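Structure record follows, encoded as structure tokens.
Protein chains in written order, with the working numbering: chain A, 92 to 389; chain B, 111 to 435.
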């Protein structure tokens with residue numbers, strides 16, 4: 092995971108660079124362009140199809156393919172109104188927010204402190220402990236679920252938001268500590284030492300010196316964790332009570348029980364996608380940055 | 111206090127959420143206040159900063175992980191030691207063998223095809239005028255949930271009798287004079303159809319990382335190859351691919367790990383029926399639907415064991431490429 096973490100910033104090219112650009116694009120022949128276009132179409136059409144479908148009337152959807160709507164457009168918002176009105180979907184939409192917000196904030200704070208200790212406090216066994224946390228990233232969640240659930244039931248906390256928050260926090264921690272530690276290590280030691288010499292304690296160094304410099308790193312991880320928690324299915328199905336299910340889990344349930352009620356399924360799918368899409372598109376830069384720093388969770 | 115655990119109305123729910131965040135902030139603030147006093151021995155701040163995270167990781171990852179390993183050697187009630195019986199079931203029962211075969215197909219096909227497509231696409235759109243837009247198109251499936259992606263593709267694969275189809279794939283088949291197919295019902299075809307969905311999701315990740323690696327290739331190398339008359343496809347295979355090799359390894363192994371662990375697509379599209387299950391899906395079915403947590407535990411451990419060689423390969427390759435530098 093020792094990849095370059097720099098992000099390209101757009102700027103004017105010098106003449107030398109322009110020549111290099113010309114040299115590199117020599118590869119794009121008409122055939123190459125065709126392949127690129129075919130891939131792009133293949134990656135866009137399925138989504139566009141369901142998107143168009145979500146605005147068509149129920150009888151139209153059943154009668155004809157969505158591509159016919161391009162010639163005979165007849166669109167309606169009724170599917171969205173119906174979906175939100177029935178099937179508990181509006182409720183689950185809010186559940187997604189209630190689950191996701193603490194499950195993003197809490198692991199970030201915990202991981203910031205842990206990463207600070209790993210990066211800037213010398214203590215015995217530091218490297219071994221860090222390697223241990225790093226290694227735990229690969230543990231598949233599946234091995235933890237049943238014993239955790241048993242424990243939650245014993246505590247009488249099963250089927251509440253609390254266990255969902257706690258589980259997401261725990262599962263997010265190894266990656267968060269690893270990522271934030273990597274970013275923290277890049278901050279020059281002299282900066283920290285200067286503050287320490289001036290008599291600042293760890294807390295002041297942390298909040299006054301490090302935190303402002305870490306905003307992009309925090310943003311990177313926050314997006315990962317947000318998308319991961321919002322889009323999660325396994326943790327929600329295991330730990331959340333039916334009335335606290337997030338929208339992803341409810342939509343997956345609809346897919347099983349609704350079979351071919353595409354007017355409801357299509358709009359439900361897009362309601363579940365809208366929030367992550369907005370977050371993703373507005374903060375794409377930070378997402379890519381985190382990705383290149385090794386931030387991927389299975 | 112009942113509403114703290116079982117909030118019913120929306121304001122109650124959001125209230126509990128805000129309470130949870132404040133409670134957490136309060137606890138952390140107290141810990142920091144205690145450990146930040148001057149002239150304390152060094153282990154006190156270390157404990158204050160690391161303690162909460164390490165305690166949670168131990169409680170929620172390490173300890174349950176070890177329990178699951180133990181449970182995989184016990185019967186369904188967790189009372190009697192049964193040795194390797196659960197593993198024996200997985201490796202001899204016909205149904206489970208199909209699960210293993212499907213998993214193997216997933217873990218071989220998804221990383222290789224997604225990485226190949228991502229690499230080709232990254233090279234093709236590199237430094238073109240539409241690069242940013244073109245990349246966003248491929249990248250978008252990463253933002254949506256696998257459940258959403260599954261529904262998008264389930265609609266693509268939809269089938270009904272007759273000439274007029276509403277699923278695009280079957281309509282194309284009909285246009286070319288074929289018979290519409292129930293793509294998700296017939297094994298082993300259904301596994302391949304779902305693998306397509308995972309490739310569709312993962313190619314964007316491959317493309318992003320590889321695109322950054324391609325941009326990091328020194329221009330002198332490309333220039334030198336050009337001077338030697340190496341262009342087009344040969345440039346791709348002889349210069350570009352070897353230059354981004356370390357990134358290729360990271361991408362391949364990362365996607366392989368993600369593929370092994372996730373069950374969302376199978377859960378949403380077939381529920382693991384019609385001989386289309388994979389280990390991650392079967393773990394869920396056995397543990398939570400079939401009442402066989404013993405088999406589930408063995409499947410989870412198996413998942414873990416399958417991950418280890420991938421990690422070892424990744425680390426070894428990283429060492430090699432670091433040695434080259």
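Think of the CB as a built atom: it goes at the ideal place given N, C-alpha and C, for glycine as much as any other residue.
Quantities reported herein were computed from a predicted structural model and do not represent experimental measurements.
Check, Outcome
"Could you run through the segment 411-430 of chain B and flag, in chain order, every residue whose CB is less than 7 angstroms away from some CB of chain A?", "411, 413, 414, 417, 421 and 428"
"Name the chain B residues that come within less than 8 angstroms of residue 346 of chain A, Cβ to Cβ?", "257, 260, 261, 264, 378 and 379"
"So with Cβ pairs under 8 angstroms, would you call residue 176 of chain A a contact of chain B?", "no"
"Assuming residue 361 of chain B contacts residue 319 of chain B (C-beta within less than 8 angstroms), just tell me the rounded distance between them.", "5 angstroms"
"Span of the alpha helix (DSSP H) holding residue 325 of chain B?", "299-325"
"To the nearest whole angstrom, what separates the beta carbons of residue 336 of chain A and residue 183 of chain A, a pair I think is in contact under 8 angstroms?", "5 angstroms"
"Please go through the same chain and pick out, in chain order, the residues whose beta-carbon is closer than 6 angstroms to the beta-carbon of residue 384 of chain B, but skip the five residues on each side of it.", "295, 297 and 300"
"State the Cα-Cα distance for the pair residue 235 of chain B and residue 368 of chain A, rounded to the nearest angstrom.", "23 angstroms"
"Taking the straight line between their C-alpha atoms, what separation do you get for residue 144 of chain B and residue 294 of chain A?", "11 angstroms"
"Can you tell which of B:277, B:345, B:306 and B:426 has the C-alpha that lies nearest to the C-alpha of residue 324 of chain B?", "B:345"
"Check whether the segment 277-291 of chain A touches the segment 299-309 of chain A, counting contact only when three or more Cβ pairs, one atom from each stretch, lie closer than 8 angstroms.", "yes"
"State the Cα-Cα distance for the pair residue 150 of chain A and residue 174 of chain A, rounded to the nearest angstrom.", "16 angstroms"
"So, for residue 117 of chain A: in the same chain, excluding its five sequence neighbours on each side, which residues have a beta-carbon less than 6 angstroms away from its beta-carbon?", "A caution first: residue 117 of chain A carries a pLDDT of 48, below 50, which makes its placement in the model too unreliable to give a value."
"For a contact meaning CB atoms closer than 8 angstroms, what does residue 167 of chain B contact in chain A?", "224, 227, 261, 264 and 265"
"Just list the residues that DSSP pairs residue 147 of chain A with in beta bridges.", "A:166"
"Hey, how far is the Cα of residue 166 of chain B from the Cα of residue 272 of chain B?", "57 angstroms"
"Anything in chain C within Cβ reach of residue 124 of chain B, meaning under 9 angstroms, just list it in chain order.", "Protein chains A and B are contained in the structure displayed, whereas chain C is not."
"DSSP three-state call for residue 183 of chain B: helix, strand or coil?", "coil"
"Below 8 angstroms on the Cβ atoms is my contact criterion, and I expect residue 370 of chain A with residue 315 of chain A to pass it. Report the Cβ-Cβ distance as a whole number of Å.", "The pair is not a contact, with the Cβ atoms about 11 angstroms apart (cut-off 8 angstroms)."
"Buried or exposed: which applies to residue 343 of chain B, given that a residue is buried once 16 or more other Cβ atoms fall within 10 Å of its Cβ?", "exposed"
"CB residue 133 of chain B to CB residue 205 of chain A, shorter than 8 angstroms?", "no"
"Tell me where the alpha helix (DSSP H) around residue 260 of chain A begins and ends.", "252-276"
"Rounded to the nearest angstrom, what separates residue 273 of chain A and residue 193 of chain B at their Cα positions?", "42 angstroms"
"In the DSSP assignment, find the unbroken alpha helix (DSSP H) run with residue 197 of chain B in it and report its ends.", "195-202"
"Whose C-beta lies closer than 6 angstroms to the C-beta of residue 289 of chain B among residues of the same chain, with five residues either side of it excluded?", "none"
"Select from B:364, B:258 and B:191 the residue whose C-alpha is nearest the C-alpha of residue 180 of chain B.", "B:191"
"For residue 185 of chain A, which three-state DSSP category applies?", "helix"
"Could one say the Cβ of residue 348 of chain B lies closer than 8 angstroms to chain A's Cβ atoms, at least one of them?", "no"
"Where does residue 191 of chain B sit, in a helix, a strand or coil, going by DSSP?", "strand"
"Using 8 angstroms for Cβ pairs, my map puts residue 416 of chain B next to residue 370 of chain B. What's the rounded Cβ distance?", "6 angstroms"
"For chain B, check one thing: does any of its Cβ atoms lie closer than 8 angstroms to the Cβ of residue 235 of chain A?", "yes"
"Below 7 angstroms on C-beta distance, what does residue 231 of chain B contact in chain A?", "127 and 130"
"When the cut-off is 8 angstroms and only beta carbons count, does residue 316 of chain B lie next to chain A?", "no"
"Return the chain-ordered list of same chain residues with a C-beta closer than 8 angstroms to the C-beta of residue 423 of chain B, the five sequence neighbours on each side being excluded.", "359 and 363"
"Could you name the residues of chain A that residue 441 of chain B contacts, counting a contact when the two beta carbons are closer than 8 angstroms?", "This structure cannot speak to residue 441 of chain B, because chain B is shown only from 111 to 435."
"Compare the beta carbon distance of residue 178 of chain B and residue 411 of chain B with 8 angstroms and say whether it is the shorter of the two.", "yes"
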